[in-house]
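Below you'll find the structure, written out as structure tokens, and then a few comments.
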Amino acid sequence: MSLDILLISLGVIFLIVGFIGCIVPILPGPPISYLALLMLHFTHAHQFGSRFLWTWAIIVIVVTILDNLTPVWGTRKFGGSRRGTWGATIGLLIGILFFPPIGIILGPFAGAVIGELTHSEDFHKAIKSGLGSLLGFLIGTGLKMGVTGFIIYYFFKELF
1 MSLDILLISL GVIFLIVGFI GCIVPILPGP PISYLALLML HFTHAHQFGS
51 RFLWTWAIIV IVVTILDNLT PVWGTRKFGG SRRGTWGATI GLLIGILFFP
101 PIGIILGPFA GAVIGELTHS EDFHKAIKSG LGSLLGFLIG TGLKMGVTGF
151 IIYYFFKELF
């Protein structure tokens, strides 16, 4: 019984950290949230089927991969170069470290613009690339929040 309480408590902590990880790119939100499902599964009273756990494991892996690809896709789709993509990545890291929480959103945009301006002097193209990076980041964040939201729902549905 006390082990169950520990596992459920750990699960709730993983859900909270996982949700924060949807916004803070350093933390892998959906995989951490998925650990909450596993914690609940290993209690005596609350068990998920293996098909359910495998399905959600695959969903989490796919969303994690897509989250890493969408900013690159957005930058490229809006005409960005490799420098714009690298700029978006570096801008994201600087934004997180020095200007949280707004830096998470503005960092990739500014980084992509600056990266594009080092590649060419076309300011319009640089802004377009920055908007693509921002759009990709927002799509990735939305995907992560959706998956994590469903994991939170299933966790508490099974718990109660």
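Numbering follows our numbering, with no gaps: position 3 of the sequence shown is 3. Virtual Cβ for every residue (Gly too), placed ideally from N, Cα, C.
Around the beta carbon of Ser133, 16 or more other beta carbons sit within 10 angstroms, so the residue counts as buried. Excluding residues up to 5 positions away in sequence, Leu7 lie with their Cβ nearer than 7 Å to the Cβ of Phe42 in the same chain. A residue is called buried when at least 16 other Cβ atoms come within 10 angstroms of its Cβ; Tyr153 does not meet this threshold and is exposed.
Contact between Glu158 and His44 fails: their C-beta atoms lie close to 13 Å from each other, not under 8 Å.
In the assembly as shown, Leu97 is an exposed residue. Its beta-carbon has fewer than 16 other beta-carbons within 10 Å.
In this structure the stretch 31-41 lies against the stretch 136-156, because at least three pairs of beta carbons, one per stretch, are closer than 8 Å.
For Gly146, the enclosing alpha helix (DSSP H) stretches over residues 123-159. When rounded, the separation of the alpha-carbon atoms in Trp86 and Ala57 is 29 Å.
Note on geometry: alpha-carbon atoms of Gly91 and Phe160 lie some 42 Å from one another. Cβ atoms of Phe48 and Leu37 come within 8 Å of each other, at about 6 Å. For Lys144, the CB contacts under 7 Å within the same chain, skipping 5 residues up- and downstream, are Cys22, Gly29, Pro30, Val63, Asp67 in chain order. Here DSSP, grouped into helix, strand and coil, assigns Gly79 to coil. A direct Cα-to-Cα measurement between Ile94 and Arg82 gives close to 18 Å.
Here Pro71 is actually not in contact with Pro100; their C-beta atoms are around 18 Å apart, not less than 8 Å.
Of the residues Phe123, Leu27, Met1, the one whose Cα lies closest to the Cα of Gly80 is Phe123.
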